[in-house]
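Peer 1: Quick one: this structure, given as structure tokens, is what I'll be asking you about.
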Amino acid sequence: MTDLLHSDQTTHAARPPFTASEQLATHLQQLSVDLIDLHLVGKQAHWNVVGLNFRDLHLALDEVVDAAREFSDQVAERMRAVYVTPDGRAATVAEKSSLPEFPTGEINTADAVDLITASLYAVAGTARRIHDDVDAEDPTTADILHAIIERLEQLAWMIDSENRVANASLPRPIHR
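Listed below in structure tokens is the structure:
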């Protein structure tokens with residue numbers, strides 16, 4: 018066995034029924050970067066939030082962090098399954114993230130709510146933007162996007178509700 022590990026053998030070839038196109042790889046890399054950044058932004062907010070309803074938001078931010086970590090791992094593992102190499106290095110995340118920048122230092126709960134909501138919607142927006150292309154190429158991967166969109170939009174709604182005023186805040190419901 019050791020001889021195989023150190024040999025110059027290059028004849029191994031997997032023959033998967035599907036490998037990702039360059040477009041699918043690019044889409045999944047963007048989603049991966051955004052999810053990693055959401056995890057980091059969530060922790061930044063978690064550590065530095067202060068003010069009214071601190072504890073509730075502090076705990077809700079843990080949910081955001083947990084979801085982002087779980088989804089980023091799921092996306093990266095799916096990337097590997099379709100023969101794409103994810104790049105989750107800090108420099109890549111800093112350069113490629115589509116999330117709004119999060120401030121340093123302490124942040125009031127109301128501001129943190131707005132900023133985390135914007136970050137959640139940014140990642141959900143990435144997933145929605147790439148969805149149709151992903152679904153056309155690989156419906157299995159699109160199923161992962163469905164779960165990501167559902168959970169992140171749920172978290173955004175719940176966290177955003179902290180700052181809303183009934184029947185006076187945007188977004189207003191559409192009445193038909």
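Numbering (the numbering used here), first residue to last: 18 to 193.
For every residue, glycine included, the Cβ atom is placed at its ideal position computed from N, Cα and C.
A quick note: this is a predicted structure, and the numbers were derived from the prediction, not measured.
Just to confirm, is the Cβ distance from Ile165 to Ala185 under 7 angstroms?
Peer 2: To locate residue 165, count along the sequence shown from 1; it is residue 148. To locate residue 185, count along the sequence shown from 1; it is residue 168. No, the Cβ-Cβ distance between Ile165 and Ala185 is not below 7 angstroms.
Peer 1: What does the Cβ neighbour count give for His29, buried or exposed, with the cut at 16 atoms within 10 Å?
Peer 2: What you label residue 29 is simply residue 12 of the sequence shown in a count that begins at 1. Label assigned to His29: exposed.
Peer 1: Identify which residue in Val182, Arg181 and Ile176 has its Cα closest to the Cα of Asp73.
Peer 2: Position 56 of the sequence shown, counted from the first residue, corresponds to residue 73. That would be Ile176, whose Cα lies nearest to the Cα of Asp73.
Peer 1: Alpha carbons only, please: which of Asn180, Arg97 and Ile53 is nearest the one belonging to Asp128?
Peer 2: Residue 128 sits at position 111 when you count from the first residue of the sequence shown. Of the listed residues, the one whose Cα sits closest to Asp128 is Asn180.
Peer 1: Am I right that Leu55 and Val140 are in contact with their C-beta atoms under 8 angstroms? What's the rounded C-beta distance?
Peer 2: Taking the first residue of the sequence shown as 1, we reach residue 55 at position 38. Taking the first residue of the sequence shown as 1, we reach residue 140 at position 123. So it is a contact: roughly 5 angstroms between Cβ atoms.
Peer 1: What first and last residue would you give for the alpha helix (DSSP H) that runs through Arg181?
Peer 2: Counting from 1 along the sequence shown, the entry for residue 181 is found at position 164. From DSSP, Arg181 is part of no alpha helix (DSSP H); its letter is neither H nor E.
Peer 1: In whole angstroms, give me the CA-to-CA distance for His75 and Ala42.
Peer 2: Position 58 of the sequence shown, counted from the first residue, corresponds to residue 75. Position 25 of the sequence shown, counted from the first residue, corresponds to residue 42. Each residue's alpha carbon lies about 34 angstroms from the other.
Peer 1: What are the start and end residues of each continuous alpha helix (DSSP H) run of 4 or more residues lying completely inside the region 39–92, in chain order?
Peer 2: Fully enclosed alpha helix (DSSP H) runs of 4 or longer: 39–65.
Peer 1: Tell me which residue opens and which closes the alpha helix (DSSP H) that Gly142 is part of.
Peer 2: Here residue 142 is taken as the residue at index 125 of the sequence shown, counted from 1. It spans Thr126 to Glu154 - the alpha helix (DSSP H) in which Gly142 sits, taken as one unbroken run.
Peer 1: Can you name, in chain order, every residue of its own chain whose Cβ lies under 8 angstroms from the Cβ of Phe35, other than the five neighbours on each side?
Peer 2: Position 18 of the sequence shown, counted from the start, is the residue given in the question as residue 35. Same-chain partners within the cutoff: Val99 and Asp155.
Peer 1: With a Cβ-Cβ cutoff of 7 angstroms, do Val81 and Gly105 count as a contact?
Peer 2: As a working note, residue 81 is residue 64 in the sequence shown. As a working note, residue 105 is residue 88 in the sequence shown. Cβ distance not < 7 angstroms, so Val81 and Gly105 don't count as in contact.
Peer 1: So for Thr102, helix, strand or coil by DSSP?
Peer 2: For the purposes of this step, residue 102 is identified with residue 85 of the sequence shown, where counting begins at 1. The answer is coil: DSSP assigns Thr102 none of H, G, I, E or B.
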